[in-house]
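In order, the protein sequence lines correspond to chains F and L.
Position 46 (the first sequence) corresponds to 46 in UniProt numbering; numbering is contiguous.
Position 106 (the second sequence) corresponds to 106 in UniProt numbering; numbering is contiguous.
What follows is a set of notes on a single structure, which appears directly below.
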Amino acid sequence: MLEVNGIKKVYEGKSRTVEAVRNLTFTLQKGEFACLVGPSGSGKTTLLKIMSGLLDPTAGEVLLDGKRVDGPPPGMAIVFQEYGRSLFPWMSVRENVELPLKQKKVPAARRKELVDESVAAVGLADVHSAYPWQLSGGMQQRVAIARAIAYEPQVLLMDEPFAAVDAQTRADLEDLVRDLWHRFQVTTLFVTHDIDESVYLGQRVIVLSSSPTVIRDDVAIDLPEERDQLHTRSSPRFAELRARVFEQIHRPVEGQAHGVATHAPDVIAPSGATAVSATSDGGH
Amino acid sequence: MAFLRRAGFALGLPIVLFTLWWVTSASSTDFYFPPLSRIVDSLVEEWFGPRLADDVLPSLIRLTAGYLIAALVGITLGVLIGTYKRLRDLLEPVLEFFRAIPPPVVVPILMLIFGIENTMKIVVITFGCMWPILLNTAEGVRAVDSVLSDTAKTYRISGAARLRNLILPAASPQIFAGLRQGLSVAIILMVISELFAASDGLGFAIVQAQRSFAIPEMWAGMLMLGLLGFLLSLLFRLVENRWLAWYHGLRRAQRAG
């Protein structure tokens, strides 16, 4: 369905070269819900931009349904972290959700159906004529999610969508996303830096190292399908999985040419000598 | 009540100034500073009489034509320059040079090319008020939010749809700022273009009044210009409030939040 093959991204600067993503390979199956978790500055956003065709990789390729991604592909929707900057403030909620459908040349009747359904699905049916900035942060993110759902994408990418909302709203939105996934069966990749969130949400957690990014682990989440914030999060199995992901994230990198990973992106000096102390990684 | 208080605040000072002028000039015998009552008489009889159609209207038509052309050209070029960095690098020095030329000095040159009729005056107005519109539009287009732009890209909104749904609305606060500056420049140039050589228009009529020692009429012409500028800016604000309602709401929400 969605294949990421040997993606590498090096930013060439004037005085220094930064290797943000070293080598990433993974595949998402149709209808799968995977979470991508990694520390801050681990190139998660870089990877997502490459997957969505907004950024070209230095090496490797992304295939969507066997077709190489070299620009934003049809059938892909993204929910960004910055909800306040991803909704069009001059359009009402309804117009925001409808715009991509117009662009996709969906007939008016079907458009109305899709907009009504998705706006209702995220619980915003009664504010569809409001402007985004009249809504709270959590509600704005719901609009962005409704827009993505209405688009009927093959793949839904979410880039730390709940990093900027408060804890209670966040819990509600997590359950909403699971709900929507059950209902619409969209292949979903959810990027987060929150370990608990990654374990709670998906069927699978892909653990990234800090930059230059490699995959540390690929954990199958065998929690029961029916999850709720209270019982799932306090179950022993949840704690085990959480501990496993935690360990992988905080484990120092072994046997890599450039030595120890740090939270700061590695700077590759001409000599290649970039070993930096591991203290910031907590991996003593 | 709140409305009355606001109206009182807005009208208070003008009323005070008008009264002051009226009272202090009432017994004036100075030829150059006639009583305000005589100026008002002339305003009503002349400016709101025959001169409305003979002078005010031609001025307004030239103003409107010059301003609309400037808006069209300024916004179009501004969008192009704001979108393409190469074009910006190429044109920037030239634009800065043209912008630095005080528009009134091009009047004699344009008179040679276009004569003294409407074309020259419209070109003068366009030339002068195009720059703030163009430069503000370019700035606004350049500053379109990157996340919003990425959002549009991922939903494959491109070409004309991108211009209509993303670029123009996102830049519209700056475009309006440019249009507002452009409007005051346009009014100034409307008058100046008529001072040099003309057979009708507000600027022409005021100079003519001064030369024929019709002093109250000259003063009244100035009042007329003031009123006109005031009305135009009021009209502008009405249009702006409609178009940018979302922007003002957004700003209020950001300040509150």
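Built from N, CA and C at the ideal position, the CB exists for glycine as well.
Have a look at the options and flag the residue whose alpha-carbon is nearest the alpha-carbon of residue i.
i                : options                                : result
LEU189 (chain L) : L:PRO102, L:ALA177, L:THR137, L:LEU91  : L:PRO102
TYR84 (chain L)  : L:GLU139, L:TRP47, L:THR64             : L:GLU139
LEU234 (chain L) : L:ARG51, L:ILE192, L:SER184, L:ASP200  : L:SER184
SER25 (chain L)  : L:ALA197, L:LEU43, L:PRO216            : L:PRO216
ALA130 (chain F) : F:ILE7, F:ARG94, F:PRO224, F:ASP175    : F:ARG94
GLY229 (chain L) : L:PHE176, L:VAL207, L:GLY182           : L:GLY182
SER211 (chain F) : F:ASP159, F:LYS8, F:LEU2, F:SER234     : F:LYS8
GLY202 (chain F) : F:SER42, F:GLY31, F:MET1, F:MET91      : F:GLY31
ASP55 (chain L)  : L:GLY226, L:ALA245, L:ILE206           : L:ILE206
LEU148 (chain L) : L:LEU227, L:GLY226, L:ILE116, L:ILE167 : L:ILE167
ASP179 (chain F) : F:GLU225, F:ASP217, F:ALA144, F:SER136 : F:GLU225
ARG244 (chain F) : F:ILE195, F:GLN229, F:GLY6, F:PRO252   : F:ILE195
THR192 (chain F) : F:VAL205, F:HIS182, F:VAL10, F:GLU247  : F:VAL205
PRO35 (chain L)  : L:GLU45, L:GLU46, L:GLY226, L:TRP22    : L:TRP22
PRO169 (chain L) : F:THR46, F:LEU87, F:PRO161             : F:LEU87
ARG142 (chain L) : L:ILE109, L:GLY78, L:PHE213            : L:GLY78
ILE175 (chain L) : L:MET120, L:ALA71, L:SER199, L:TYR67   : L:ALA71
VAL4 (chain F)   : F:SER15, F:LYS14, F:GLY41, F:ASP56     : F:ASP56
ASN219 (chain L) : L:ARG86, L:PHE97, L:LEU60, L:SER37     : First, the residue type needs correcting, since residue 219 (chain L) is Trp and not Asn in the sequence shown. Minimum Cα distance to TRP219 (chain L) is reached at L:SER37.
VAL207 (chain F) : F:VAL106, F:ALA171, F:THR25            : F:THR25
THR58 (chain F)  : F:GLU174, F:GLY137, F:ASN23, F:THR45   : F:ASN23
ALA198 (chain L) : L:ASP41, L:ILE116, L:ALA53, L:PHE33    : L:ILE116
ALA20 (chain F)  : F:THR213, F:LEU176, F:ASP217, F:LYS14  : F:THR213
Pull up the DSSP beta-bridge partners for residue i, would you.
i                : result
THR213 (chain F) : F:VAL21
ILE78 (chain F)  : F:LEU157
ARG233 (chain F) : None; ARG233 (chain F) has no bridge partner.
THR187 (chain F) : F:VAL155
CYS129 (chain L) : In DSSP, CYS129 (chain L) forms no bridge with anything.
VAL219 (chain F) : F:VAL205
PHE26 (chain F)  : F:VAL4
TYR11 (chain F)  : F:VAL18
ARG68 (chain F)  : F:LEU63
PHE33 (chain F)  : F:THR188
Please report the distance separating the alpha-carbon of residue i from that of residue j.
i                     : j                : result
PHE9 (chain L)        : VAL239 (chain L) : 23 angstroms
THR211 (chain L)      : ASP145 (chain L) : A quick correction: the sequence has Arg, not Thr, at residue 211 (chain L). Spanning the two alpha carbons is a distance of roughly 56 angstroms.
ASP139 (chain F)      : LEU124 (chain F) : In the sequence under discussion, the amino acid at residue 139 (chain F) is Met, which differs from the Asp named in the question. Their backbone Cα atoms lie some 8 angstroms apart in a straight line.
ARG237 (chain L)      : PRO173 (chain L) : 13 angstroms
ARG5 (chain L)        : ALA256 (chain L) : 25 angstroms
ALA275 (chain F)      : SER209 (chain F) : Unreliable placement is indicated for ALA275 (chain F), whose pLDDT of 39 sits below 50; no coordinate value is reported for it.
GLY201 (chain L)      : LEU57 (chain L)  : 8 angstroms
PRO89 (chain F)       : GLN254 (chain L) : 12 angstroms
VAL107 (chain L)      : LYS153 (chain L) : 46 angstroms
ARG51 (chain L)       : PHE18 (chain L)  : 23 angstroms
ILE157 (chain L)      : ALA146 (chain F) : 18 angstroms
VAL94 (chain L)       : ILE113 (chain L) : 22 angstroms
THR187 (chain F)      : LEU48 (chain F)  : 15 angstroms
ARG110 (chain F)      : LEU36 (chain F)  : 34 angstroms
MET130 (chain L)      : LEU232 (chain L) : 18 angstroms
THR27 (chain F)       : LYS67 (chain F)  : 14 angstroms
LEU91 (chain L)       : GLY128 (chain L) : 18 angstroms
ASP65 (chain F)       : GLU152 (chain F) : 15 angstroms
VAL105 (chain L)      : ALA214 (chain L) : 28 angstroms
PHE184 (chain F)      : ALA2 (chain L)   : 52 angstroms
VAL69 (chain F)       : ILE50 (chain F)  : 9 angstroms
GLU194 (chain L)      : LEU101 (chain F) : 53 angstroms
HIS248 (chain L)      : HIS128 (chain F) : 20 angstroms
LEU13 (chain L)       : LEU99 (chain F)  : 49 angstroms
PRO132 (chain L)      : ALA100 (chain L) : 11 angstroms
ALA261 (chain F)      : PRO252 (chain F) : Reliability of the predicted coordinates at ALA261 (chain F) is poor, the pLDDT of 42 falling under 50, and the value obtained from them is presented with this limitation in mind. Each residue's Cα considered, the two are about 6 angstroms apart.
LEU179 (chain L)      : ARG85 (chain F)  : 26 angstroms
residue 258 (chain L) : THR119 (chain L) : With chain L covering only 1 through 257, there is no way to say anything about residue 258 (chain L).
THR64 (chain L)       : LEU135 (chain L) : 20 angstroms
Rounded C-beta distance between residue i and residue j? I'm assuming under 8 angstroms.
i                     : j                : result
residue 310 (chain L) : THR137 (chain L) : Nothing about residue 310 (chain L) can be read from this structure; chain L reaches only from 1 to 257.
VAL155 (chain F)      : GLY60 (chain F)  : Actually they are not in contact, since the Cβ atoms of VAL155 (chain F) and GLY60 (chain F) sit about 18 angstroms apart, beyond 8 angstroms.
VAL119 (chain F)      : GLN141 (chain F) : Rounded, the Cβ-Cβ distance is 14 angstroms, inconsistent with contact.
ALA148 (chain F)      : VAL79 (chain F)  : 5 angstroms
LEU223 (chain L)      : LEU43 (chain L)  : 6 angstroms
PRO73 (chain F)       : GLY53 (chain F)  : 6 angstroms
GLY66 (chain L)       : ALA186 (chain L) : 6 angstroms
request  = Compile a chain-ordered list of the residues in the segment 146-161 of chain L whose CB is closer than 7 angstroms to at least one CB of chain F.
outcome  = Taken in chain order, the members of the segment 146-161 of chain L whose beta-carbon sits within less than 7 angstroms of a beta-carbon on chain F are VAL147, LEU148, ASP150, THR151, LYS153, THR154, TYR155, ARG156, ILE157, ALA161.
task = Anything in the segment 231-255 of chain L with a Cβ closer than 7 angstroms to a Cβ of chain F? List those residues in chain order, please.
result = Taken in chain order, the members of the segment 231-255 of chain L whose beta-carbon sits within less than 7 angstroms of a beta-carbon on chain F are TRP246, GLY249, LEU250, ALA253.
task = Output, in sequence order along the chain, the residues in the segment 89-109 of chain F whose CB is closer than 7 angstroms to any CB in chain L.
result = Those residues of the segment 89-109 of chain F that come within reach of chain L (Cβ to Cβ, closer than 7 angstroms) are PRO89, TRP90, LEU99, PRO100, GLN103.
message = Closer than 9 angstroms between beta carbons: that is the criterion. Which residues of the segment 46-65 of chain F meet it against chain L?
response = The residues in question are LYS49, SER52, GLY53, LEU54.
ask   = Name the residues in the segment 9-21 of chain F whose C-beta lies less than 8 angstroms from a C-beta of chain L; which are they?
value = Against chain L - using a Cβ distance shorter than 8 angstroms - the segment 9-21 of chain F contributes no residues.
inquiry  = Can you pull out the residues from the segment 120-146 of chain F whose beta carbon lies closer than 8 angstroms to at least one beta carbon of chain L?
reply    = Answer in chain order: TYR131, TRP133, GLN134.
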